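Quick mapping for you: the protein sequence lines, in order, are chains A and B.
First residue of the first sequence: 98, per our numbering; consecutive thereafter.
First residue of the second sequence: 98, per our numbering; consecutive thereafter.
Backbone N, C-alpha and C fix where the C-beta goes; we use that ideal spot for every residue, glycine too.
The model shown is predicted, which means the values in this text are computed figures rather than measured ones.
Each remark here refers to the structure printed beneath this line.
There are 2 protein chains.
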Amino acid sequence: MKIGVVAVSSRFSVETAKAVEAWMAEHYPSGEPKLVFHPSVHAKHGHFAGDDATRARAFVEFANDPRLDAIWFARGGYGSCRIAEAVIPQLNDHARAKRYLGYSDAGSLLAALYKAGFEHVAHGPMASDARRGAETGRRAVEWLTKGAATGHEPSLADDPRPAAAFNLTILSQLLGTPIEPDLSGHVLMLEEVSEAAYRIDRYMFHITSQASIRRVAGIRMGRASDVTPNDPDFGMTAEEIARYWCARSGIPYLGAADIGHDAENKIVPFGAR
Amino acid sequence: MKIGVVAVSSRFSVETAKAVEAWMAEHYPSGEPKLVFHPSVHAKHGHFAGDDATRARAFVEFANDPRLDAIWFARGGYGSCRIAEAVIPQLNDHARAKRYLGYSDAGSLLAALYKAGFEHVAHGPMASDARRGAETGRRAVEWLTKGAATGHEPSLADDPRPAAAFNLTILSQLLGTPIEPDLSGHVLMLEEVSEAAYRIDRYMFHITSQASIRRVAGIRMGRASDVTPNDPDFGMTAEEIARYWCARSGIPYLGAADIGHDAENKIVPFGAR
């Protein structure tokens with residue numbers, strides 16, 4: 098099995114790639130599965146891992162390549178919203194059969210794939226997250242190669258409803274755009290990193306005020322880590338904020354989600370399981 | 098003439114209120130117009146100038162009060178989106194006749210008022226901005242009391258189309274919510290403060306990807322000040338980012354706007370003039 102690694106967002110360093118390869122060599126010493134980095138994965142264009150055309154071409158090439166079994170997003174940062182809409186019409190049946198795994202900024206591309214009817218799209222650790230811990234990378238690789246449910250977010254085991262997971266900022270910024278998927282009836286899980294509490298509150302206002310999001314089955318709040326200082330203290334945790342806006346908007350709040358920008362970040366396949 | 102000052106967002110300090118009063122005493126020594134601070138303007142509730150009920154009640158009381166001629170938002174920060182939808186149905190005909198001036202976070206409330214058909218709503222300096230310079234406060238007071246066009250954003254003089262102006266973040270966060278006004282055919286002016294370039298880019302993706310925003314007459318980019326560091330350098334200025342997304346989305350880019358989080362911030366009345 099071969100997993101293609103593509104960078105669709107911020108620059109991806111050679112050092113990180115080497116660390117991911119070393120992690121693979123340690124944990125999958127047989128060389129199976131094999132990671133294949135796209136040749137342009139270390140391209141640089143200002144903030145980005147190459148300009149939009151380069152990143153889009155790399156993604157389409159790897160997604161369409163019948164020799165690759167899955168696509169693993171290299172890292173987050175920012176940039177996938179710039180190419181998400183344009184790549185979809187270029188994808189073939191090989192692309193449609195593959196698994197795609199990532200989160201954070203890659204959520205824009207996951208959203209576009211899911212909207213386009215791709216059936217194997219999941220929120221979960223990126224390639225760069227393999228360094229976070231042995232289990233982090235392992236649950237990603239096991240899902241990418243076998244669709245293993247062992248790394249699934251635990252609430253999925255007892256809830257047969259379709260699900261989706263997003264970074265809160267990323268979801269806010271794709272609402273109303275051509276890449277917003279229909280999340281009606283879905284359990285929507287959210288996570289955040291490095292945002293102030295007042296911004297989490299504003300994102301939750303934005304999200305829960307949408308007619309589209311009011312059709313979800315419910316919201317679960319994952320971890321909001323590295324919340325930046327708020328002076329004075331905002332007075333509510335991220336979970337309290339989520340509960341507040343769910344209550345205001347009539348969206349069921351379903352509890353915590355075991356996702357976040359950390360080693361424990363679990364896998365949430367989009368849609369039905 | 099009496100101008101009511103209300104705090105609908107973050108805490109408003111006694112020191113700032115005293116500075117605004119001192120500025121008025123210096124520049125309007127006759128005591129005309131008179132500033133009237135709502136009794137709850139210095140209320141505190143965590144981040145906010147009082148809890149949602151307190152801020153909403155203060156705004157409704159002053160807006161509906163026939164003894165007051167205009168409403169000046171005390172300051173920005175965060176919080177007006179939490180009360181904007183709820184206050185509108187409580188406003189009477191006195192409220193509808195008044196002028197309302199502010200920007201930044203107050204943009205959520207300006208949007209809701211404009212959507213509700215209020216005819217005297219403008220982006221422009223807040224009460225706390227009077228300290229920024231003699232002309233800053235003067236253009237605000239002259240508009241609040243007389244609707245003076247002398248402080249208008251200069252491009253308005255030569256462009257008969259309706260206009261509106263927003264902080265970029267605030268507009269992004271009200272899109273698709275019940276307080277989003279119809280900006281079809283409007284010249285839309287944008288400004289930003291203390292955001293990283295990659296976030297400005299993401300906001301412009303979000304905004305220009307909306308079907309609703311693609312119906313504007315065009316976009317003018319105001320100043321983006323205190324742009325926070327981007328490592329590596331993002332590679333585009335805020336105006337270049339605005340031009341890029343306008344070109345991508347087919348929205349005419351009309352040039353710069355003389356608005357921003359600074360002393361030069363001009364007045365943009367919402368709608369037709």
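For residue j and residue i, believed in contact at Cβ under 8 Å, the rounded distance
i	j	result
A354 (chain A)	S252 (chain A)	7 Å
I316 (chain B)	K212 (chain B)	Not quite, the Cβ-Cβ distance comes to about 19 Å (not below 8 Å), so this is no contact.
G234 (chain B)	H124 (chain B)	7 Å
L272 (chain A)	G319 (chain B)	The pair is not a contact, with the Cβ atoms about 24 Å apart (cut-off 8 Å).
T113 (chain B)	R172 (chain B)	7 Å
Cβ-based burial, residue i [other Cβ within 10 Å; buried from 16]
i	result
A254 (chain A)	exposed
L127 (chain B)	For the record, residue 127 (chain B) in the displayed sequence is Ser; it is not Leu. When all chains shown are included, S127 (chain B) counts as exposed.
M98 (chain B)	exposed
G214 (chain B)	exposed
T247 (chain B)	exposed
K115 (chain B)	exposed
P366 (chain A)	buried
K363 (chain A)	buried
D226 (chain A)	buried
A219 (chain A)	buried
P278 (chain B)	buried
A231 (chain B)	exposed
A209 (chain B)	buried
E150 (chain A)	Glu is not the amino acid found at residue 150 (chain A); the sequence shown has Ala there. By the 10 Å Cβ count, A150 (chain A) comes out exposed.
Contact check, residue i vs residue j, beta carbons under 8 Å
i	j	result
L206 (chain A)	A181 (chain A)	yes
G204 (chain B)	F263 (chain B)	yes
F145 (chain B)	R108 (chain B)	yes
V105 (chain A)	F170 (chain A)	yes
R311 (chain A)	G347 (chain A)	yes
R229 (chain A)	A360 (chain A)	yes
E250 (chain A)	I168 (chain A)	no
D202 (chain B)	G174 (chain B)	yes
P259 (chain A)	A369 (chain A)	yes
A176 (chain B)	D330 (chain A)	According to the sequence displayed, residue 176 (chain B) carries Gly and not Ala. No; because the gap between Cβ atoms is not below 8 Å, this pair is not in contact.
I297 (chain A)	A245 (chain A)	no
V103 (chain B)	F159 (chain B)	yes
N327 (chain B)	Y295 (chain B)	yes
Given residue i as reference, the closest of the options once Cα atoms are compared
i	options	result
G199 (chain B)	B:H217, B:R320, B:P275, B:A183	B:H217
Q187 (chain A)	A:S281, A:Q307, A:A122, A:N161	A:N161
S281 (chain B)	B:G273, B:V238, B:S309, B:L287	B:S309
G147 (chain B)	B:N189, B:E129, B:I100, B:R179	B:R179
L241 (chain B)	B:W342, B:A183, B:A150, B:Y197	B:Y197
V284 (chain A)	A:D256, A:A245, A:A224	A:D256
C343 (chain B)	B:R370, B:D330, B:V313	B:V313
K42 (chain A)	A:T113, A:V117, A:P130	Limits of chain A in this structure are 98 at one end and 370 at the other, which puts residue 42 (chain A) out of reach.
R193 (chain B)	B:S177, B:A183, B:G176, B:P163	B:P163
E118 (chain A)	A:R154, A:A224, A:H135, A:A245	A:A224
K195 (chain A)	A:P278, A:I100, A:H358	A:I100
R154 (chain A)	A:F331, A:M286, A:L210, A:H135	A:H135
A261 (chain A)	A:S269, A:R152, A:Y341, A:L287	A:L287
R345 (chain B)	B:N189, B:W120, B:H139, B:M301	B:M301
H358 (chain A)	A:Y341, A:L265, A:G332, A:T305	A:L265
Residue i beta carbon near the ligand FAD (any heavy atom closer than 7 Å)
i	result
A213 (chain A)	Ligands in the displayed structure: none, and consequently the ligand FAD is not present.
Report the residues of the stretch 323 to 348 of chain A with a CB closer than 8 Å to any CB of chain C, ordered along the chain. Absence of chain C from the displayed structure is noted, the protein chains being A and B.
Cβ contact (3+ pairs, closer than 8 Å) linking the stretch 289 to 296 of chain B and the stretch 320 to 328 of chain B: yes
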